[in-house]
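Student:
Number of protein chains: 2
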Amino acid sequence: MSIISNEAIARLHHHLADDMQRVNQVTLNHIQSKVELVQKVAQHLLCSGGKRLRPLLTIACSRLFEDQPGYAVHLAAAVEVIHSATLLHDDVIDESDLRRGQPTANVLWGNVPSILVGDFLFSKAFQLMIEAKNQRVLEVLSQASTRITEGEVLQLTLSSDLNLSFDHYLEIVGAKTASLFAAACQVGGMIVNMPAELEDDLYQFGYNLGIAFQIVDDILDYSLSREQSGKPVGNDFCEGKVTLPVLLICQSPEFLPAWEEWFNKPTRSQDEFKTAQKLLLENETLEKCYEYAQPFVDQAIQHLLKMPAGFVRDSLGCLIQTE
Amino acid sequence: MSIISNEAIARLHHHLADDMQRVNQVTLNHIQSKVELVQKVAQHLLCSGGKRLRPLLTIACSRLFEDQPGYAVHLAAAVEVIHSATLLHDDVIDESDLRRGQPTANVLWGNVPSILVGDFLFSKAFQLMIEAKNQRVLEVLSQASTRITEGEVLQLTLSSDLNLSFDHYLEIVGAKTASLFAAACQVGGMIVNMPAELEDDLYQFGYNLGIAFQIVDDILDYSLSREQSGKPVGNDFCEGKVTLPVLLICQSPEFLPAWEEWFNKPTRSQDEFKTAQKLLLENETLEKCYEYAQPFVDQAIQHLLKMPAGFVRDSLGCLIQTE
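Taken in order, these protein sequences are the chains called A and B.
Taking numbering that gives the first Met the number 0, I'd label the letters of the first sequence as residues 0 to 322.
Taking numbering that gives the first Met the number 0, I'd label the letters of the second sequence as residues 0 to 322.
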């Protein structure tokens, strides 16, 4: 079973390579600073690879309607820069030491530069989006930016609670992840004069895709395959975050006590993670997570099908469709 | 000797009370969040008093040209919210435990909510300024917001260095403090259709006022009178920040070794602060700081005098003029 196909992402990147090259260029031009440390920290993160899925969505959604992306390039850059700003702050908050296989900015330069350069990137993202000179686009993106921070605080207050409801889980994921996916898609269409009646469909496509993406991220953090491929797993468990796999297994009263014991402690060991992982495996919990994600995938596809047919729509469909 | 008269600020607040009441209302309406902790942290800071000098400048500068402030209210609110966001992050960075006589948000709720609610306020400030629907205003304010963060990083990298040049000192102060003062004044005029040829004068008025304001802030941190009035002093010294009084006294080779000894240590004691304060007093260093500020005051006044005469211009003049 698979949702969010890396192969489809690569295919879309290949097809939109020229546009994405321009997005990179505009991003690098805009994060220039004569303050050396600002420049270093910002570049460290923005040049460290990553899937660049969010800006890719903005470009792809503009390409559903136009041959030239125009200011979608700036909006795609803005979306990636907002995302980078949140990553800098997340790494401080979660005390992470590794991202994309490299030491995090907070490890290399300390928490303070990470906080300040995160703020710098937020401001730069606004400077980027202003260049598109489109009032509604500004409203959509600044609203998304606000919701991300609300989602993060909601996660902070709620997500160590094993009694978290599915509604609250979706509220957190919707705010902290899906809102930026939704805005990234919506503004890609808006900036190239997509018919107004499709705006909400593009938003809904991005929103549901974002929820599915976050669920997959929750799953991968407990998966054996990610471990085997050399990527780190167990971060959510170690940080005591109640993600979807935890919510689902704690539905069974027999497993709840073990998770309560783990999650009521300030820290959790690698051995405990292995036990937790085994428990999820034996109970096919990760498969249940994929099932839980399915309606969001279906919704995303349904909204996508309202868009003009063609290579880009097909590729966006492949990106999320269960094989 | 006095620059930045609290009496003149109070008089201007009184004269513009209705407008400032609307600024408060718009601010409170916009920082609403259904996430309880976001609401609490944001309100804690924004309802804690403070001089509200920056939004007052925006309103006053709009009132130089129009009887109704219109969207200057939203811009004034945006300016105050940007300032509040930087304060939340500053208090985390400086590990401050007291602001405006109350425990800081980082003491009450921890660093993580302060970082996230700072981000929330940055986003909300952009939502506020977008409402004014004025492209140039957005450019000015987002540019100021970027420069603040650059100034903070510059301060971080340079300001523990006793060999800091006056040029670097002014670059830091210009970016972290004066740029927002300048933007606050400029957009107040811009949003009410001030004649274009006055735009730069209003900016320069704010910029020079901002430099003078920061110099006074540097002075007050070492002053006896602030101590006597119950306000905390010595923060800059304890944090090892090279501010103007330090720069000026270290010009004399006889005093440099003492400051080197203090500032090369990780921490500084209250007794050491008393000694430092005595040294500055005996050498009339604080008076020299006021002299250093004088050209900026003169510049501010000179640009202000280009504005239409009247009560508001007079009050802005009293605010900064040396008595």
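Note that the Cβ used here is the ideal one computed from N, Cα and C, for glycine as well.
In this text the structure is predicted, and so the values were computed from the model without any measurement.
Quick check: the segment 182-199 of chain A against the segment 154-174 of chain A, are there 3 or more CB pairs under 8 Å?
Tutor: No: fewer than three Cβ pairs fall under 8 Å.
Student: With 16 as the cutoff for other CB atoms within 10 Å, does Glu260(A) come out buried or exposed?
Tutor: Position 261 of the first sequence holds residue 260(A). So Glu260(A) counts as exposed.
Student: Return the first residue and the last residue of the alpha helix (DSSP H) that Asn282(A) is part of.
Tutor: Numbered from 1 along the first sequence, position 283 holds the residue referred to as residue 282(A). First-last for Asn282(A): undefined, no H or E at that position.
Student: So which residues of chain A does Gln101(B) contact, with C-beta pairs closer than 9 Å?
Tutor: In the second sequence, residue 101(B) corresponds to position 102, counting from 1. Within 9 Å Cβ-Cβ: nothing; Gln101(B) doesn't reach chain A, min ~21 Å.
Student: Using the three-state DSSP reduction, which class does Gln101(A) fall into: helix, strand or coil?
Tutor: Residue numbering aside, residue 101(A) sits at position 102 when the first sequence is read from its first letter. Strand at Gln101(A).
Student: Would you please state the rounded distance, in angstroms, between the beta carbons of Thr274(A) and Pro244(A)? I believe it to be under 8 Å.
Tutor: By 1-based counting over the first sequence, the position of residue 274(A) is 275. By 1-based counting over the first sequence, the position of residue 244(A) is 245. Not really, about 14 Å apart at Cβ, beyond 8 Å.
Student: Go ahead and pull the three-state DSSP assignment for Lys31(A).
Tutor: To locate residue 31(A), count along the first sequence from 1; it is residue 32. The amino acid at residue 31(A) is misidentified as Lys; the sequence shows Gln. Residue state, collapsed to three classes: coil.
Student: Less than 8 Å between the C-beta atoms of Thr85(B) and Ala71(B), yes or no?
Tutor: Residue numbering aside, residue 85(B) sits at position 86 when the second sequence is read from its first letter. Residue numbering aside, residue 71(B) sits at position 72 when the second sequence is read from its first letter. No, Cβ-Cβ distance for Thr85(B) and Ala71(B) is not below 8 Å.
Student: Where does Glu94(A) fall in DSSP's three states?
Tutor: For this step, residue 94(A) is matched to residue 95 along the first sequence. The answer is coil: DSSP assigns Glu94(A) none of H, G, I, E or B.
Student: Residue range of the alpha helix (DSSP H) that Thr386(A) falls in?
Tutor: This structure cannot speak to residue 386(A), because chain A is shown only from 0 to 322.
Student: Kindly say whether His14(A), judged by its beta-carbon, lies nearer than 8 Å to any beta-carbon of chain B.
Tutor: What you label residue 14(A) is simply residue 15 of the first sequence in a count that begins at 1. It does not: the Cβ of His14(A) has no partner Cβ on chain B nearer than 8 Å.
Student: Do you know how far the Cα of Gln250(B) is from the Cα of Pro54(B)?
Tutor: As a first step, residue 54(B) must be located in the second sequence, where it is residue number 55. As a first step, residue 250(B) must be located in the second sequence, where it is residue number 251. Approximately 37 Å between the Cα atoms of the pair.
Student: Kindly indicate which three-state DSSP category Lys175(A) falls into: helix, strand or coil?
Tutor: Here residue 175(A) is taken as the residue at index 176 of the first sequence, counted from 1. Lys175(A): helix per DSSP, three-state reduction.
Student: According to the Cβ coordinates, are Ala41(B) and Leu120(B) closer than 8 Å?
Tutor: As a working mapping, residue 41(B) is identified with position 42 in the second sequence. As a working mapping, residue 120(B) is identified with position 121 in the second sequence. For Ala41(B) and Leu120(B), yes; Cβs fall inside 8 Å.
Student: What residue range is occupied by the uninterrupted alpha helix (DSSP H) comprising Ala308(B)?
Tutor: Stepping through the second sequence from its first residue, residue 308(B) is reached at position 309. Element bounds for Ala308(B): n/a, residue is neither H nor E.
Student: May I have the straight-line CA-CA distance separating Lys175(A) from Gly205(A), to the nearest angstrom?
Tutor: In the first sequence, the residue the question calls residue 175(A) occupies position 176. In the first sequence, the residue the question calls residue 205(A) occupies position 206. Going from the Cα of Lys175(A) to the Cα of Gly205(A) covers about 13 Å.
Student: Please confirm if Thr26(A) has its CB atom under 8 Å from at least one CB of chain B.
Tutor: Counting from 1 along the first sequence, the entry for residue 26(A) is found at position 27. No, its Cβ sits nowhere closer than 8 Å to a Cβ of chain B.
Student: Return no unless some Cβ of chain A is closer than 8 Å to the Cβ of Val78(B).
Tutor: Taking the first residue of the second sequence as position 1, residue 78(B) is located at position 79. It does not; no Cβ of chain A falls within 8 Å.
Student: Excluding the 5 residues preceding and the 5 following Val292(A) in the sequence, name in chain order all residues of the same chain whose CB lies nearer than 8 Å to its CB.
Tutor: As a position in the first sequence, residue 292(A) is number 293, starting the count at 1. Before going further, note that residue 292(A) is Ala rather than Val in the sequence given. For Ala292(A), where only same-chain residues beyond five positions count, the Cβ hits under 8 Å are Ile2, Ile210, Ala211, Ile214 and Val215.
Student: Assuming Asn207(B) and Asp220(B) form a contact by the criterion Cβ under 8 Å, report the distance between their Cβ atoms to the nearest whole angstrom.
Tutor: Translated into the one-based positions of the second sequence, residue 207(B) becomes position 208. Translated into the one-based positions of the second sequence, residue 220(B) becomes position 221. Not confirmed; about 21 Å, so no contact.
Student: Which bits of chain B does Ile129(A) rub up against, with CB to CB less than 8 Å?
Tutor: Translated into positions along the first sequence, residue 129(A) becomes position 130. Correct list: Gln134, Leu137, Glu138 and Ser141.
Student: Pro112(B) versus chain A: which residues are under 9 Å apart at the beta carbon?
Tutor: Stepping through the second sequence from its first residue, residue 112(B) is reached at position 113. Ordered by position in chain A, the residues that pass the 9 Å Cβ test against Pro112(B) are Val152, Leu155 and Thr156.
Student: Verify whether the separation of the beta carbon atoms of Val91(A) and Ser113(A) is less than 8 Å.
Tutor: As a position in the first sequence, residue 91(A) is number 92, starting the count at 1. As a position in the first sequence, residue 113(A) is number 114, starting the count at 1. Yes, the Cβ-Cβ distance between Val91(A) and Ser113(A) is below 8 Å.
Student: Can you tell me the Cα-Cα spacing of Ala299(B) and Leu169(B), whole angstroms?
Tutor: Here residue 299(B) refers to the residue found at position 300 of the second sequence. Here residue 169(B) refers to the residue found at position 170 of the second sequence. Answer to the nearest angstrom: the Cα atoms are 15 Å apart.
Student: Below 8 Å, can you find three or more Cβ-Cβ pairs linking the segment 92-106 of chain B to the segment 128-138 of chain B?
Tutor: At 8 Å Cβ cutoff, the stretches do not touch.
Student: Using 8 Å for Cβ pairs, my map puts Val34(A) next to Glu238(B). What's the rounded Cβ distance?
Tutor: Indexing the first sequence from 1 puts residue 34(A) at position 35. Indexing the second sequence from 1 puts residue 238(B) at position 239. Actually they are not in contact, since the Cβ atoms of Val34(A) and Glu238(B) sit about 20 Å apart, beyond 8 Å.
Student: Among the residues of its own chain, which have a CB less than 7 Å from the CB of Thr26(B), if the five just before and after it don't count?
Tutor: For the purposes of this step, residue 26(B) is identified with residue 27 of the second sequence, where counting begins at 1. Counting only Cβ-Cβ distances below 7 Å, and skipping sequence neighbours, we find Leu45, Ala76, Glu79 and Val80.
Student: If you draw a straight line from the alpha carbon of Gln203(A) to that of Phe180(A), how long is it in whole angstroms?
Tutor: Locating residue 203(A) in the first sequence gives position 204, where the first residue counts as 1. Locating residue 180(A) in the first sequence gives position 181, where the first residue counts as 1. Approximately 9 Å, taken between the alpha carbons.
Student: Kindly indicate the opening and closing residues of the alpha helix (DSSP H) around Glu238(B).
Tutor: Position 239 of the second sequence, counted from the start, is the residue given in the question as residue 238(B). Residues Asn234 to Glu238.
Student: Along the segment 163-185 of chain A, where does the CB come closer than 8 Å to a CB of chain D? Name the residues.
Tutor: Here the protein chains are A and B, and chain D is not one of them.
Student: Given Leu280(B), which residues of its chain have a CB within under 8 Å of its CB, disregarding the five upstream and five downstream residues?
Tutor: As a first step, residue 280(B) must be located in the second sequence, where it is residue number 281. Contacts found: Leu223.
Student: Report whether the distance from the Cβ of Gly233(B) to the nearest heavy atom of the ligand COA is below 7 Å.
Tutor: The model on display carries no ligand, and the ligand COA is accordingly not part of it.
Student: Quick one, which of Ser47(A), Cys184(A) and Asp313(A) has its alpha-carbon nearest Ser61(A)'s?
Tutor: Translated into the one-based positions of the first sequence, residue 61(A) becomes position 62. When each option's Cα is compared against that of Ser61(A), the closest is Cys184(A).
Student: Could you give the residue range of the alpha helix (DSSP H) that holds Asn5(A)?
Tutor: Within the first sequence, the letter at position 6 stands for residue 5(A). Its alpha helix (DSSP H) spans residues Asn5 to His14.
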